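Participant: Before we start, here is the structure in question, set down as structure tokens.
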Amino acid sequence: MTANKTHPIRATNRRFQFWTRNGAATIALVGMWFTTPAAQPARSPRNANYSIDATLDHAERLLTGREVVTWRNISQLTTSELRFHLYYNAWRNTQSTWMRERAFGRSLDLHHRRESDWGWIDVTRLVLIGAGDDLPIDLTGEATFIAPDDNNPNDQTVLAVPLPAPVSPGETINVEIEWTSKVPRTFARTGTIGDYYFIAQWFPKIGVLEQGGWNCHQFHTATNFFADYGVYDVRLTVPNGWVLGATGREQSVTDNGDGTATHHYYAEDVHDFAWTTSRDFVDLRSRFEHPDLGDVDIRLLLQPEHRDQAERHFNATRQTFNYFGDWFGAYPYDHVTVVDPAWQSNSGGMEYPTLFTAGTRWLAPTTTNGPEEVTVHEAGHQFFYGVIGNNEVEHAWLDEGLNTFATARAIDQYFPHYWERRFFGTFIPWAFTDIPWSRAIDGSRLARYRSDARMDIQATPTFRYWPGSMFSTAYYKTTLWLHTLERYLGWPTLQRGMSTYYDRWQFAHPKPQDFFDTISEAADMDLRWFFDQVHGDSAIFDYGIAQLTSRDTAGRGFFDGAFRDQGSSSTFETTVVVRRYGDGIFPVDIVVEFADGHRERREWNGRSQWTVLRFEHATKATSAVVDPNRVLLLDVNYTNNSRTTTPRADAAATKWTLTWIVWLQDLLMTSAFII
Amino acid sequence: MTLVIRAWVDGLRRVATAPMLWLGVYGLTLAATLPMGYVLHQSITMHLGASTVSTSVAEGFDTGWWGEYQQAGSGIARTLVPEVIGFAAVLANLSSVADGELPRGAVAGLAVVYIAVWAFLVGGIIDRFARQRRVSSAGFFAACGVYFWRFTRLALLIGLTYWVLFAVVHPWLFGDLYTAMTIDTTAERNAAMVQFSLYGVFGGLLAAVTLIFDYAKIRAVVEDRRSMIGAVAASLRFVRRRLAAVIGLYFLNVLLFAAVLLTYAISAPGAGTTGTTVWLGFGIGQAYVAARLFTKLSFYASQTAYFQGELAHARYVARPQPQWPMSPMAEAISTPPDES
Chain W
11 MTANKTHPIR ATNRRFQFWT RNGAATIALV GMWFTTPAAQ PARSPRNANY SIDATLDHAE
71 RLLTGREVVT WRNISQLTTS ELRFHLYYNA WRNTQSTWMR ERAFGRSLDL HHRRESDWGW
131 IDVTRLVLIG AGDDLPIDLT GEATFIAPDD NNPNDQTVLA VPLPAPVSPG ETINVEIEWT
191 SKVPRTFART GTIGDYYFIA QWFPKIGVLE QGGWNCHQFH TATNFFADYG VYDVRLTVPN
251 GWVLGATGRE QSVTDNGDGT ATHHYYAEDV HDFAWTTSRD FVDLRSRFEH PDLGDVDIRL
311 LLQPEHRDQA ERHFNATRQT FNYFGDWFGA YPYDHVTVVD PAWQSNSGGM EYPTLFTAGT
371 RWLAPTTTNG PEEVTVHEAG HQFFYGVIGN NEVEHAWLDE GLNTFATARA IDQYFPHYWE
431 RRFFGTFIPW AFTDIPWSRA IDGSRLARYR SDARMDIQAT PTFRYWPGSM FSTAYYKTTL
491 WLHTLERYLG WPTLQRGMST YYDRWQFAHP KPQDFFDTIS EAADMDLRWF FDQVHGDSAI
551 FDYGIAQLTS RDTAGRGFFD GAFRDQGSSS TFETTVVVRR YGDGIFPVDI VVEFADGHRE
611 RREWNGRSQW TVLRFEHATK ATSAVVDPNR VLLLDVNYTN NSRTTTPRAD AAATKWTLTW
671 IVWLQDLLMT SAFII
Chain D
75 MTLVIRAWVD GLRRVATAPM LWLGVYGLTL AATLPMGYVL HQSITMHLGA STVSTSVAEG
135 FDTGWWGEYQ QAGSGIARTL VPEVIGFAAV LANLSSVADG ELPRGAVAGL AVVYIAVWAF
195 LVGGIIDRFA RQRRVSSAGF FAACGVYFWR FTRLALLIGL TYWVLFAVVH PWLFGDLYTA
255 MTIDTTAERN AAMVQFSLYG VFGGLLAAVT LIFDYAKIRA VVEDRRSMIG AVAASLRFVR
315 RRLAAVIGLY FLNVLLFAAV LLTYAISAPG AGTTGTTVWL GFGIGQAYVA ARLFTKLSFY
375 ASQTAYFQGE LAHARYVARP QPQWPMSPMA EAISTPPDES
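Protein chains in written order, with the working numbering: chain W, 11 to 685; chain D, 75 to 414.
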């Protein structure tokens with residue numbers, strides 16, 4: 011079977027390139043609304059293609075749109091319905107699942123928004139486009155809201171549309187949808203403030219049909235998104251003169267003569283489309299050039315007040331493409347747009363295909379973490395999210411965790427910086443130039459993970475995580491266990507595994523087991539024992555030295571039937587008791603150092619609750635350390651990993667107490683200004 | 075202007091010539107922190123135990139250990155944060171006041187006690203500066219005792235005023251008003267300017283209130299006033315009639331305060347290591363504390379000097395007391411300044 015299969019009722023009037031069953035790409039540009047640029051060879055299945063025409067009414071903050079979705083069933087299932095995400099309805103009222111979940115672990119601040127700040131999306135027309143002389147079939151009245159995750163009758167973020175005839179595997183269907191959206195004051199990093207718009211999750215987006223049925227979750231507060239790859243051909247009409255950036259490349263701008271302009275964007279092999287517009291953007295360009303990784307045009311839409319930070323954004327983006335490209339594989343697109351979000355827009359730090367939002371502050375010292383970390387992280391998502399299209403709703407750690415790990419690694423390579431605190435309403439930064447940022451501790455937010463280590467098992471679908479600890483479970487725990495693997499297997503092995511994973515699962519929807527299999531394959535060892543603990547369990551890792559003693563080996567008592575006091579000998583027996591305080595198991599090394607500088611290293615599989623190690627040496631032991639190289643970064647208490655006979659606790663305590671006393675004196679004097 | 079500068083210089087001289095007073099308030103400020111410092115020391119020592127991590131904690135700021143300590147600790151241990159290091163401590167504390175964040179827990183309790191002790195001492199301090207001569211410890215504390223109950227009554231007014239400022243005005247300024255002014259602002263710079271302007275407004279209110287209560291205390295001591303409401307009213311009259319001068323004098327003292335902060339900002343130690351450098355850093359910190367207390371005293375002294383320069387006349391004395399503690403005004407009349 012090599013021919014394209016189409017839906018028996020209405021599918022031949024295809025407007026888009028689509029994927030054929032034998033893998034060949036076909037371009038069928040029939041009855042075009044638009045003229046699209048020459049398509050590139052398909053890198054993805056391109057089974058969810060969109061042609062969108064939308065107009066922004068700035069005065070009313072309304073978005074009216076029309077789209078044609080050309081969807082091909084690439085699953086092995088026949089479906090009798092379609093499901094669409096209507097994310098904007100998460101902010102229709104306080105009864106949505108998104109709003110309810112957000113109230114779990116946080117304040118109700120969003121519940122008290124002004125009337126004008128809410129948002130919604132209303133589908134006004136939904137029809138199947140017929141083939142040839144077939145008339146369109148209006149299904150608007152058939153569509154119903156469903157809540158597959160929690161049965162919340164008030165949630166309207168998933169629309170189910172029953173079909174008059176089922177769509178079989180390989181068949182293609184065209185659906186035309188018209189809608190109106192009220193753009194909210196930003197929720198979940200989409201919305202508007204002033205003359206700034208960041209518009210994401212804004213159009214009716216079809217779910218993913220998998221072997222188990224439709225994967226089309228409601229919008230949850232702790233999750234991102236999941237969609238099939240396709241081609242997006244989008245025309246956006248906004249006030250004339252406003253700068254607009256979007257997923258893909260701009261093809262043209264047309265002045266409509268009525269105070270508006272239409273921007274035409276086109277993107278291939280992407281699974282989402284986001285855009286931004288503002289009259290204030292400073293539009294800057296740069297380029298990433300690399301002989302092996304290819305060149306990338308970088309467009310930066312910068313807030314005027316951050317003009318002096320332009321190069322920092324460009325550099326961070328270039329560094330990401332360089333490091334991630336070197337480690338995992340090339341960025342496959344030739345363009346990217348970096349958006350510097352407006353103050354208070356709450357749209358910063360978010361990834362979309364070929365476009366992402368960074369985020370910085372008006373005062374951002376070069377010695378502290380200004381725009382760099384967030385830029386690297388979001389640029390990194392172009393790899394783990396953009397190119398590797400895992401299900402973020404169910405397995406967010408697969409992109410967020412891998413990317414946070416790689417972000418920390420890249421930041422560590424090119425941007426040494428220091429801790430920062432902000433004062434006076436957070437406007438004034440202060441750099442602690444004697445507290446350097448550490449990849450192992452700060453890059454993976456070990457402290458955050460430690461406090462949330464038991465909150466959820468990572469294998470739980472992300473949308474079921476406790477919202478307040480999602481970052482700890484999906485981002486930081488993954489970073490910690492990947493960094494642990496890096497130290498355990500060695501970077502070359504892990505890098506080989508991750509680059510294989512990147513190569514193998516480009517433009518596809520890998521699942522956790524796919525990643526585990528790839529890493530195990532690269533390491534040439536069965537790592538299930540590790541993944542089962544860090545992913546399939548919420549095990550706590552904590553090893554420690556419980557006892558360190560050195561005694562003269564000379565004995566006293568009955569030897570060979572006679573009482574003897576051997577006095578002293580020339581050797582000492584050192585006893586080290588190592589304990590496993592947590593339930594997590596990991597092989598560890600123990601290093602004992604003796605007074606003459608001699609060191610001995612032992613390995614322990616770490617399985618039993620405790621073990622005793624004995625050493626005979628000419629001098630007493632001075633210290634014992636379990637996991638001296640700190641391979642196991644998941645260890646929640648590293649202080650107890652060692653004992654020494656010459657502790658400096660008193661010196662350390664004195665130093666910090668004296669420092670603290672000056673602070674307390676200052677606090678008292680500051681408080682006493684009232685008298 | 076000359077009078078203002080003369081009063082300010084005179085105030086500095088009065089502080090400088092009362093070293094025991096200066097030393098006393100410094101000793102108080104140090105002693106107040108020692109019990110909690112001991113608790114913190116024990117807490118850190120216990121947490122580190124015999125771990126080799128103690129070396130990295132001693133040699134710098136070990137962020138890994140700090141995270142563990144923060145999670146394991148409570149109370150005072152939670153206050154050991156990077157902000158205690160060097161000049162960040164000053165910024166953090168000033169920022170807390172500016173942002174209306176009050177200390178919590180045991181530290182808050184200590185602050186209340188410290189303020190109460192100052193409330194007790196301030197009568198004696200002003201008395202000392204007004205008399206411009208050495209007084210015995212007994213005399214000093216007797217003066218403190220005489221004014222304590224008056225200042226306790228005044229403290230009710232002061233407390234009520236600051237409560238209004240921090241519980242009503244501050245939330246309105248930085249909550250409702252700031253939000254209304256910046257709710258649709260898309261440039262952080264503009265929001266910062268609004269915030270800083272509001273700091274200016276709130277700082278101005280704090281300064282005005284402090285100024286009025288300072289002169290109320292001074293009038294209560296110098297004129298031996300019993301009615302604290304009357305003292306506040308008299309202070310208001312005094313300030314209103316010499317607005318530029320009292321603001322100018324206050325500003326000179328604020329400049330001195332800023333100079334002390336700037337000097338400390340330049341010289342403040344970082345995380346440091348152990349041994350001599352720790353004690354050197356502590357010494358610099360104590361020098362800063364002493365300088366800042368000097369500044370606090372200079373507010374009282376210079377304002378007392380200015381007040382006495384303006385109204386050192388018998389008819390302004392509410393009720394001179396011929397017996398000890400003799401009111402400074404009565405003493406000034408009986409002993410002309412050039413003979414003191």
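Built from N, CA and C at the ideal position, the CB exists for glycine as well.
Everything numeric in this text was worked out from a predicted model, so none of it was measured.
#1: Taking buried to mean at least 16 other C-beta atoms within 10 Å of its own C-beta, is I340 of chain D buried or exposed?
#2: Near V164 of chain D, what residues of its chain come up, given a Cβ to Cβ distance below 7 Å and the 5 sequence neighbours on each side ignored?
#3: Strictly below 7 Å CB to CB, what residues from chain D border N650 of chain W?
#4: At what residues does the alpha helix (DSSP H) containing H3 of chain W begin and finish?
#5: Around the Cβ of L97 of chain D, are there at least 16 other Cβ atoms within 10 angstroms (buried) or fewer (exposed)?
#6: Indicate whether at least one CB of chain D lies closer than 7 Å to the CB of K192 of chain W.
#7: Under 8 Å between beta-carbons, which chain D residues line up against V252 of chain W? List them in chain order, please.
#8: Would you mind giving the Cβ-Cβ distance between V602 of chain W and V586 of chain W, rounded to the nearest angstrom? I have them listed as a contact below 8 Å.
#9: Between L165 of chain D and chain A, is any beta-carbon pair separated by less than 7 Å?
#10: Does the beta-carbon of N647 of chain W have 16 or more other beta-carbons within 10 angstroms, so that it is buried, or is it exposed?
#11: Quick one: using the 10 Å Cβ neighbour count with 16 as the cut-off for buried, is I421 of chain W buried or exposed?
#12: Could you name the residues of the same chain whose beta carbon sits closer than 6 Å to that of T405 of chain W, not counting the 5 residues immediately before and after it, in chain order?
#13: Is the beta carbon of P375 of chain W less than 7 Å from the beta carbon of P439 of chain W?
#14: Under DSSP, the beta strand (DSSP E) around D599 of chain W begins and ends at which residues?
#15: Please decide whether P657 of chain W counts as near chain D, where near means a Cβ-Cβ distance under 7 Å.
#16: Could you tell me which chain D residues have their CB closer than 7 Å to the CB of S633 of chain W, listed as they occur along the chain?
#17: Check whether the stretch 294-305 of chain W and the stretch 329-346 of chain W are in contact - that is, three or more C-beta pairs closer than 8 Å.
#18: Exposed or buried, P51 of chain W, counting other C-beta atoms within 10 Å across all chains shown (16 or more means buried)?
#19: Quick check on the burial criterion: 16 or more other C-beta atoms within 10 angstroms. Buried or exposed for D534 of chain W?
#20: With a cut-off of 7 Å, does the C-beta of I445 of chain W fall near any C-beta of chain D?
#21: Where A518 of chain W and W670 of chain W are concerned, what is the direct C-alpha to C-alpha distance, given to the nearest angstrom?
#22: In angstroms, rounded to a whole number, what distance separates the CA positions of L504 of chain W and N400 of chain W?
#23: Taking the beta carbon of E613 of chain W as the centre, do at least 16 other beta carbons fall within 10 Å, making it buried, or is it exposed?
#24: Tell me the rounded alpha-carbon separation between L385 of chain D and P446 of chain W.
#25: Does the beta carbon of E430 of chain W come closer than 7 Å to any beta carbon on chain D?
#26: Using only CA atoms, which one of W:I156, W:P194 and W:S530 lies nearest to G204 of chain W?
#27: Taking the Cβ atom as the reference point for each residue, do F190 of chain W and R71 of chain W lie within a distance shorter than 7 Å?
#28: Looking only at its own chain, which residues have a Cβ that is under 7 Å from the Cβ of D462 of chain W, when we skip the five neighbours before and after it?
#29: Quick test of your reading: I308 of chain W and T327 of chain W, contact by CB under 8 Å. State the CB separation rounded to the nearest angstrom.
#30: By how many angstroms is the C-alpha of A132 of chain D removed from the C-alpha of A631 of chain W?
#31: Any idea if S271 of chain D is buried or exposed, counting beta-carbon neighbours within 10 angstroms, 16 or more meaning buried?
#32: Tell me, please, whether the CB atom of Y333 of chain W is closer than 7 Å to any CB atom in chain D?
#33: Quick one: which chain W residues come within Cβ less than 9 Å of E175 of chain D?
#34: Who are the neighbours of Q354 of chain W on chain D, taking C-beta pairs under 7 Å?
#35: Does DSSP put L145 of chain W in a helix, a strand or coil?
#36: Could you compute how far the alpha carbon of G349 of chain D sits from the alpha carbon of Y100 of chain D?
Facilitator: According to the structure shown:
#1: exposed
#2: L335 and Y338
#3: S125
#4: Beyond the ends of chain W as shown, which are 11 and 685, falls residue 3 of chain W; an answer cannot be given.
#5: exposed
#6: no
#7: In the sequence under discussion, the amino acid at residue 252 of chain W is Trp, which differs from the Val named in the question. Those do not exist, as W252 of chain W stays about 14 Å from chain D at its closest Cβ, beyond 8 Å.
#8: 6 Å
#9: No chain A is part of this structure, whose protein chains are labelled W and D.
#10: buried
#11: buried
#12: Just to set this straight, residue 405 of chain W is His in the shown sequence, not Thr. Once the five neighbours on either side are set aside, the close Cβ partners of H405 of chain W are P522.
#13: yes
#14: V598 to F604
#15: yes
#16: T126
#17: yes
#18: exposed
#19: exposed
#20: yes
#21: 54 Å
#22: 19 Å
#23: exposed
#24: 58 Å
#25: no
#26: W:P194
#27: First, the residue type needs correcting, since residue 190 of chain W is Thr and not Phe in the sequence shown. The answer is no: Cβ separation not under 7 Å.
#28: S479, S482 and T483
#29: 5 Å
#30: 22 Å
#31: exposed
#32: no
#33: Neighbours of E175 of chain D on chain W: none; closest Cβ ~11 Å, over 9 Å.
#34: T259 and T260
#35: coil
#36: 24 Å
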